[in-house]
Amino acid sequence: MQILPNNQLLGATVALALVAISAAYIYCTSKPKAIKVHGVLLSTATQRVLATLYEKELEFELVPVDMEAREHKKKPFLSLNPFGQIPAFEDRDLKLFESRAINKYISHKHADKGTRLESGDMKQKAIIGVWMEVEAHQFDPAASKLTWELALKPVFGKGTPDKAVVEENEAKLAKVLDIYESRLAQSKYLAGESFSLADLHHLPTIQYLLATQVKKLFDSRPHVNAWVADITARPAWCKVLALQKH
Amino acid sequence: MGLKLYGIPVSTNTTRALVCLHEKGVDFELVPVNLFGGENRQPSFLAKNPFGLIPVLEDGDFTIFESRAITSYVAEKFKETGPDLIRHQNPKEAALVKVWIEVESQNFQPAISPIVYQSLVAPLLGNTPDQAVIDTNLEKLGKVLDVYESKLSSTKYLAGDFFSLADLHNFPYIFYFMKTPWASLVNDRPHVKAWWEDISSRSAFKKVAEGMTFGEKK
């Protein structure tokens, strides 16, 4: 049996080591991510989840959904969300949908990572829960209609804003924001002195509305205005916005 | 000092919280709020809920509002007693409960509540039911119930093979909906019907239903 001379053996060992290291690197960086978000960057609900993932400093893969081809209304997407809505979410074999439920899951599972978005204290957790419900049931119905009429309809070429809908929902939103103004005069954020999911859930819709005539409703209320400026400047939120620029 | 729930026995949102309190077997007092007299717009009530809505829960000096925040708090505080409404020891089940809670909140309620309002409430206020609103929402509700039907053919309850808050939250609106001319939307879907009969036969539900006399024909 022929044995390689020492320097060739050394060379072969180094070469093998380099190949092994390269293979390991390629494996690790192209390894499929445990967390997948199925959605599109324009969608407020998708953005709501992305904001949470960035706040928690979690790696994820954004899997685009072809809305124009109605991919979200067909299988296989329907097996992720039977209601045919984005986003859908995967964490290994766990499949979830509804952005607010996804966010609660992420915040709870990774409580100790990144920004604290919920609380371990039962009463504080309940207060955050109250203001998450307020966002869902008092703020969002009016705010999302305004977002559609003033920000998204033009983008999708679905016609001009419906003046009656805009007027009605501006009035509703103004009343809600009056209550927010009183609340935010008492504490820096909606549920207390710390930023929480209750504040985060507002971000996507507020960001859209800041680019429309509705901006004046935020500007004219000093505590709301300060809160909006604060939460929209958060680095995690800025990362979500940066995604849209690519 | 026990819990106090401010609300009225016919209100959908109050009954959502009432059913949860009864399920957990918690001692509480239902404190009536005079809505017709505008009590909910008075400063003393607005101090409890600045949105002027019922229900409100007081636990000593701790006050919260929004029925689904109240049920979450009650289910969490009393998680070691009574039925496990939130699956707190199983993170995957707990996540699925949260998903189907949002389904009721975001997909189910917006479709069913205008039908109940137009059909049962509007006439009491002297208004004619808006059939266009009813028709639009019957179509939406049908699609939601199609998904319920499919889900309930693979699991006994919405979030899995276990009763949870996700099922409980549906109770008040379905209860009233079954008094409208469109109960067939439930009855024509065998798994939805079976699920509804199951949950509405729970003693907590039956107890609360006794007070839900809205829409009764005299």
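In the order they appear, the protein sequences are chains A and B.
Numbered as in the working numbering, the first sequence ends at 246 without a single skipped number.
Numbered as in the working numbering, the second sequence ends at 1218 without a single skipped number.
Quick reminder that beta carbons are idealized off the backbone N, C-alpha and C, glycines included.
Straight-line gap, residue i to residue j (C-alpha atoms, nearest Å)
i, j, result
"LYS1218 of chain B", "THR1180 of chain B", "Interpretation of LYS1218 of chain B is limited by its pLDDT of 42, a score under 50 that renders its predicted location unreliable; the figure taken from the coordinates is listed afterwards. If you take the alpha carbons of LYS1218 of chain B and THR1180 of chain B, they lie about 15 Å apart."
"GLU90 of chain A", "LEU96 of chain A", "6 Å"
"HIS137 of chain A", "LEU173 of chain A", "12 Å"
"SER107 of chain A", "LYS31 of chain A", "24 Å"
"TYR1006 of chain B", "PHE77 of chain A", "43 Å"
"MET122 of chain A", "TYR1073 of chain B", "8 Å"
"MET1 of chain A", "LEU10 of chain A", "Residue confidence for MET1 of chain A is low, a pLDDT of 48 falling below 50, so the modelled location carries little weight and cannot support an answer."
"ARG70 of chain A", "ILE86 of chain A", "11 Å"
"ASP1198 of chain B", "VAL65 of chain A", "38 Å"
"ALA1017 of chain B", "TRP148 of chain A", "33 Å"
"ALA185 of chain A", "HIS223 of chain A", "6 Å"
"GLU1066 of chain B", "GLU133 of chain A", "6 Å"
"GLU68 of chain A", "PHE156 of chain A", "10 Å"
"ASN1013 of chain B", "ARG100 of chain A", "20 Å"
"ALA242 of chain A", "TYR54 of chain A", "12 Å"
"ALA151 of chain A", "PRO204 of chain A", "12 Å"
"MET1212 of chain B", "ALA1122 of chain B", "17 Å"
"LYS193 of chain A", "ARG116 of chain A", "The residue you asked about is not Lys; residue 193 of chain A is Glu in the sequence shown. Whole-angstrom Cα-Cα distance: 12 Å."
"VAL1139 of chain B", "VAL1103 of chain B", "Inspection of the sequence shows that residue 1139 of chain B is occupied by Glu rather than by Val. Whole-angstrom Cα-Cα distance: 17 Å."
"ASN1090 of chain B", "ASN1127 of chain B", "48 Å"
"ASN225 of chain A", "LYS104 of chain A", "26 Å"
"LYS33 of chain A", "LEU62 of chain A", "10 Å"
"CYS238 of chain A", "LEU190 of chain A", "20 Å"
"GLU181 of chain A", "SER187 of chain A", "10 Å"
"LYS1129 of chain B", "ARG183 of chain A", "Checking the sequence, you will find Pro at residue 1129 of chain B rather than Lys. Using only the alpha carbons, I get a separation of about 37 Å."
"LYS153 of chain A", "SER144 of chain A", "12 Å"
"ALA1095 of chain B", "LYS109 of chain A", "10 Å"
"TYR208 of chain A", "PRO82 of chain A", "27 Å"
"HIS202 of chain A", "PHE1214 of chain B", "35 Å"
Beta-carbon proximity check, residue i vs residue j, cutoff 7 Å
i, j, result
"LEU1165 of chain B", "ALA1075 of chain B", "yes"
"ALA1159 of chain B", "TRP1196 of chain B", "no"
"PHE1205 of chain B", "VAL1019 of chain B", "yes"
"LEU200 of chain A", "ALA51 of chain A", "yes"
"LEU146 of chain A", "VAL214 of chain A", "yes"
"GLU1093 of chain B", "ARG1087 of chain B", "yes"
"LEU75 of chain A", "GLY84 of chain A", "Inspection of the sequence shows that residue 75 of chain A is occupied by Lys rather than by Leu. Cβ distance not < 7 Å, so LYS75 of chain A and GLY84 of chain A don't count as in contact."
"PHE1177 of chain B", "VAL1116 of chain B", "yes"
"ILE1112 of chain B", "TYR1157 of chain B", "no"
"SER1105 of chain B", "ILE1054 of chain B", "no"
Closest Cα partner of residue i within the set the options
i, options, result
"VAL1208 of chain B", "B:PHE1175, B:GLU1197, B:HIS1191 and B:TRP1196", "B:PHE1175"
"ASP178 of chain A", "A:GLN47, A:THR44, A:VAL130 and A:ARG221", "A:ARG221"
"ASP1161 of chain B", "B:GLN1089, B:VAL1097 and B:GLU1029", "B:VAL1097"
"GLY129 of chain A", "B:TRP1182, B:ASP1146 and B:ILE1064", "B:ILE1064"
"LYS245 of chain A", "A:VAL63, A:ILE35 and A:LEU41", "A:LEU41"
"VAL1031 of chain B", "B:GLY1002, B:PRO1050, B:GLU1210 and B:PHE1051", "B:GLY1002"
"SER79 of chain A", "B:SER1150, B:PHE1171, B:ARG1189 and B:ASP1188", "B:SER1150"
"LEU1118 of chain B", "B:SER1105, B:THR1136 and B:GLU1102", "Here residue 1118 of chain B turns out to be Gln, not Leu, going by the sequence shown. When only C-alpha atoms are compared, the closest one is B:THR1136."
"LEU240 of chain A", "A:LYS56, A:ALA126 and A:THR13", "First, the amino acid is wrong: residue 240 of chain A is Val here, not Leu. The residue with the shortest Cα to Cα distance from VAL240 of chain A is A:LYS56."
"GLU1029 of chain B", "B:ILE1008, B:GLY1037, B:ASN1040 and B:LEU1053", "B:ILE1008"
"ILE1070 of chain B", "A:ASN81, A:ARG92, A:VAL37 and A:TRP131", "A:TRP131"
"ARG92 of chain A", "A:LEU209, A:ILE35 and A:GLY114", "A:ILE35"
"PHE1062 of chain B", "A:TYR189, A:ALA126 and A:PRO161", "A:ALA126"
"ALA111 of chain A", "A:PRO235, A:LEU197 and A:VAL37", "A:LEU197"
"TRP1182 of chain B", "B:ASP1027, B:PRO1043, B:PHE1171 and B:LEU1120", "B:LEU1120"
"LEU1145 of chain B", "B:ARG1041, B:ASN1187 and B:LYS1156", "B:ASN1187"
"LYS1004 of chain B", "B:LYS1048, B:GLY1038 and B:GLY1037", "B:LYS1048"
"GLN124 of chain A", "B:PHE1036, B:LYS1077, B:VAL1033 and B:LEU1053", "B:LYS1077"
"ALA171 of chain A", "A:PRO141, A:ARG48, A:ILE231 and A:GLY159", "A:PRO141"
"TYR1148 of chain B", "B:GLU1210, B:ARG1189, B:PHE1045 and B:LEU1168", "B:ARG1189"
"PHE254 of chain A", "A:SER43, A:PRO82 and A:VAL37", "Because chain A spans 1 through 246 in this model, residue 254 of chain A falls outside it and cannot be assessed."
"PHE195 of chain A", "A:GLU98, A:ALA236, A:ALA211 and A:THR13", "A:ALA236"
Inter-residue CB distance, residue i and residue j (contact presumed, cutoff 8 Å)
i, j, result
"LEU1152 of chain B", "HIS1191 of chain B", "4 Å"
"GLY1025 of chain B", "GLY1060 of chain B", "Not a contact, Cβ separation roughly 19 Å."
"PHE139 of chain A", "VAL165 of chain A", "Actually they are not in contact, since the Cβ atoms of PHE139 of chain A and VAL165 of chain A sit about 17 Å apart, beyond 8 Å."
"GLU1023 of chain B", "LEU1085 of chain B", "7 Å"
"ASN1040 of chain B", "PHE1108 of chain B", "Actually they do not touch by this definition, with Cβ atoms about 25 Å apart."
"PHE1045 of chain B", "GLY1052 of chain B", "7 Å"
Residue i: CB within 6 Å of a non-hydrogen atom of the ligand ATP
i, result
"HIS108 of chain A", "The ligand ATP is absent from the structure shown, which contains no ligands of any kind."
Using a Cβ-Cβ cut-off of less than 7 Å, list which residues of the stretch 96-107 of chain A approach chain B; keep chain order.
So the list reads LEU96, PHE97, GLU98, ARG100, ALA101, LYS104 and TYR105, given in the order they occur along the chain.
By the 7 Å beta-carbon criterion, what residues does the stretch 140-164 of chain A contribute toward chain B?
none
Listed from N- to C-terminal order along the chain, which residues in the stretch 123-137 of chain A have their beta-carbon within a distance smaller than 8 Å of any beta-carbon of chain B?
Of all residues in the stretch 123-137 of chain A, LYS123, LYS125, ALA126, ILE127, GLY129, VAL130, MET132, GLU133, VAL134, ALA136 and HIS137 have a Cβ within less than 8 Å of some Cβ in chain B.
Determine which residues of the stretch 1060-1081 of chain B have a Cβ less than 7 Å from any Cβ of chain A, and write them out in chain order.
For the stretch 1060-1081 of chain B, which is checked against every Cβ of chain A, the residues closer than 7 Å are PHE1062, ILE1064, PHE1065, GLU1066, ARG1068, ALA1069, SER1072, TYR1073, GLU1076 and LYS1077.
Taking any Cβ of chain B, which residues in the stretch 78-96 of chain A have a Cβ under 7 Å from it, in chain order?
Within the stretch 78-96 of chain A, the qualifying residues are PRO82, PHE83, LEU94 and LEU96.
Residues of the stretch 182-198 of chain A whose Cβ lies closer than 8 Å to any Cβ of chain B, in chain order:
SER182 and ARG183
Output needed in chain order: residues of the stretch 1139-1171 of chain B with a Cβ under 8 Å from some Cβ in chain A.
The residues in question are VAL1144, VAL1147, SER1150 and LYS1151.
Proximal residues, the stretch 1089-1100 of chain B versus chain A, C-beta separation under 7 Å
PRO1091, LYS1092, ALA1095, LYS1098 and VAL1099
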